[in-house]
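Novice:
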Amino acid sequence: MSTIAQPDVPEVGIIEAPAPFSAWFAVAVLVGVTIFSFVDRQILAVVASPLKASLGLTDLELGALQGLGLAFFAAVATYPIAWLADRFDRRLILCIGIAVWSLATATCAFQTTFEGLLIATIGIAIGEAGLGPIVWAVIPDLFPGRQRAAANLVYFLAAILGTALGLGISGATFGWLAANGAALSGFLGEMEPWRATLLFVALPGPLFILLVATLRLKGSRAAAKASAAAFATVLADSGFVAYARRHIVTLSCVFAAIAAYNIGIASTLVWLPTALPRIFAIDPATVSVQLGLAIGPASLIGVGVSALCVKFWRGDRVVMAPRLAAIAFLAAAVPTAFLPFVTESWQAMALVGVQFAAGIAAASVLPSIVQDISPPHLRARNFGLMTVVALVPQGLSPLVIGALSDAVGGPHGLIAAIALVGAPAWVLAAGLIWRSENAFRRTVAEVQSASPLTVAPGQAHDMETGR
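Counting from 1, one number per residue, gives the positions in the sequence shown under the UniProt record's numbering.
1) Could you check which residue in I160, V154, S374 and A64 has the C-alpha nearest to that of G114?
2) Could you tell me the boundaries of the alpha helix (DSSP H) in which G97 lies?
3) Where does A77 land, buried or exposed, given buried means 16+ other C-beta within 10 angstroms?
4) Would you call R245 buried or exposed, if buried means 16 or more other Cβ atoms sit within 10 Å of its Cβ?
5) Which residue's Cα is closest to the Cα of L62: A48, A71, A74 and S54?
6) DSSP three-state call for F86: helix, strand or coil?
7) By Cβ distance, which residues of its chain are closer than 7 Å to V287, with the 5 residues on each side in sequence left out?
8) What is the rounded straight-line gap between the Cα of Y243 and the Cα of A362?
9) Kindly indicate which three-state DSSP category residue 480 falls into: helix, strand or coil?
10) Secondary structure at Q111, three-state DSSP: helix, strand or coil?
11) Going by beta carbon distance, what residues of the same chain come within less than 7 Å of M386, once the five residues before and after it are set aside?
12) With distances taken Cα to Cα, identify the nearest neighbour of E446 among V421, P375 and I96.
13) With burial defined as no fewer than 16 other Cβ atoms inside 10 Å of the residue's Cβ, what is the status of T197: buried or exposed?
14) State the Cα-Cα distance for the pair A174 and L117, rounded to the nearest angstrom.
15) What's the C-alpha gap between Y155 and G410?
16) Could you tell me the alpha carbon to alpha carbon distance between A109 and V305, rounded to whole angstroms?
17) Less than 8 Å between the CB atoms is what I'm expecting for A105 and I124, so what's the real figure, rounded?
18) Would DSSP call E446 helix, strand or coil?
19) When the Cβ atoms of the stretch 393 to 403 are set against those of the stretch 293 to 309, are three or more pairs found closer than 8 Å?
20) Could you pull out every residue in the same chain whose Cβ sits closer than 7 Å to the Cβ of P93, ignoring the five residues on either side in sequence?
21) Could you spell out where the alpha helix (DSSP H) holding T197 opens and where it closes?
22) Indicate the three-state DSSP secondary structure (helix, strand or coil) for L420 in the structure shown.
23) With distances taken between CB atoms, is the gap from Q42 to G166 smaller than 8 Å?
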């Protein structure tokens with residue numbers, strides 16, 4: 001195994017240049033594309049009732065359209081698309097993805113059978129599968145040093161708010177067409193409102209394709225080629241498998257921690273709306289509203305706390321992101337463990353608020369962690385792997401909690417199961433991140449030594465302070 005020294009950091013006189021306007025414009029476009037994807041992803045949930053009545057679907061078939069088509073095939077398609085994004089122009093791959101999911105969304109409007117709708121939703125899933133890996137792979141090519149952390153937080157916050165915004169846009173579009181669709185001219189006026197809605201939400205696709213195609217991402221391909229060449233010069237094999245073998249401890253700990261985080265967060269999101277009505281005899285709709293009011297502000301607080309920590313961190317910036325994540329993971333475990341002991345619903349909401357503030361603070365630095373350990377020519381693949389390891393536990397943890405709830409029994413059985421699964425998952429995530437620190441340093445040293453176009457973690461801070 002070859003040893004690669006960490007690059008020297010300039011001592012004085014070098015100031016990190018601010019990112020150009022084109023970089024922030026690119027982030028704005030990518031945020032718009034992400035919100036557009038949320039609209040097309042959530043539209044089936046918005047039109048579910050009229051769609052079900054129109055086509056005579058069962059709840060099982062409706063669940064398959066929103067679960068099987070969008071989740072399973074997204075997980076299957078993510079890594080191959082990320083591989084393509086590492087080898088070809090990422091703008092091209094993203095434009096193809098936008099075209100695929102837009103066309104698939106519009107195609108849903110003309111389906112008359114469950115099978116046709118399922119195939120179309122699979123198209124939506126495949127088209128959207130590469131969005132996250134591509135965006136997170138592009139940001140380091142646009143922003144140096146500490147500005148990358150700021151750009152990550154901006155995009156992360158936009159992604160959080162985009163879920164609610166996408167749902168709102170979808171609902172508003174359907175509501176307007178349901179009330180005014182008959183006044184439209186041509187075949188649109190003759191279509192059922194849910195079908196017209198599917199067509200309308202697909203219309204921005206060509207605009208976003210044009211915007212993405214015009215982005216200035218010249219450094220992306222250059223960085224990937226330089227990275228591959230540098231790794232090939234120093235190491236016998238610069239491919240993903242060889243890289244993964246050299247850094248198996250780093251990758252295993254980081255991605256296992258991400259999986260554990262998703263178990264913790266999914267445990268609350270999936271089951272708490274069911275657990276609280278059992279204990280306090282509250283209407284489920286009321287619980288959902290209360291959870292939304294608790295989670296929304298808490299998520300914003302979590303991102304804000306993370307941003308402040310990044311800005312004022314005075315320790316070793318190389319391991320800043322892992323240490324922040326580990327601390328936040330532990331903080332999220334505490335309120336999760338206390339959930340079975342609540343005696344009023346507001347206490348549960350307060351605990352959930354603290355949990356989400358800490359969990360989102362941790363989640364907001366996870367992209368930086370993966371960026372730090374990823375060579376430019378392998379970056380999208382690492383984010384593809386991150387997406388896959390996030391999807392699997394999100395699907396499995398609800399099953400485990402359900403089984404535990406049945407075993408415990410009683411009205412408090414479910415909330416006890418949430419704590420029994422969720423709290424250890426948060427602690428495990430923290431432990432794995434702490435365990436990876438030394439290996440993380442070695443991986444970052446290799447990546448930065450062989451990636452001359454990328455600023456090392458902490459390097460920008462030292463440049464600014466003259467140390």
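All C-beta atoms, glycine included, are put in the ideal place defined by N, C-alpha and C. Values in this document were obtained by computation on a predicted structure and should not be read as measured data.
Specialist: With the given structure in hand:
1) Checking the sequence, you will find Phe at residue 114 rather than Gly. Cα-wise, what sits closest to F114 is A64.
2) R90 to C108
3) Buried: at least 16 other Cβ atoms inside 10 Å.
4) By the neighbour-count rule (16 or more Cβ atoms within 10 Å), R245 is not buried but exposed.
5) A48
6) The identity of residue 86 in the sequence shown is Asp, whereas the question assumes Phe. Helix.
7) P273, L276 and P277
8) 26 Å
9) The requested residue 480 does not occur in the structure, where the chain is confined to residues 1 to 467.
10) It is coil, neither helix nor strand.
11) F255, I258 and V370
12) When each option's Cα is compared against that of E446, the closest is P375.
13) buried
14) It should be pointed out that residue 174 corresponds to Phe in this sequence rather than to Ala. Taking the straight line joining both Cα atoms gives about 18 Å.
15) 42 Å
16) 43 Å
17) Rather than Ala, the amino acid found at residue 105 in this sequence is Thr. Right, their Cβ atoms sit about 6 Å apart.
18) Note: E446 maps to helix in three-state DSSP.
19) no
20) Per the sequence shown, residue 93 should be read as Ile rather than Pro. Excluding positions up to five away in sequence, the list reads I81, L84, A85, G130 and I134.
21) P193 to A202
22) For L420, the three-state secondary structure derived from DSSP is helix.
23) yes
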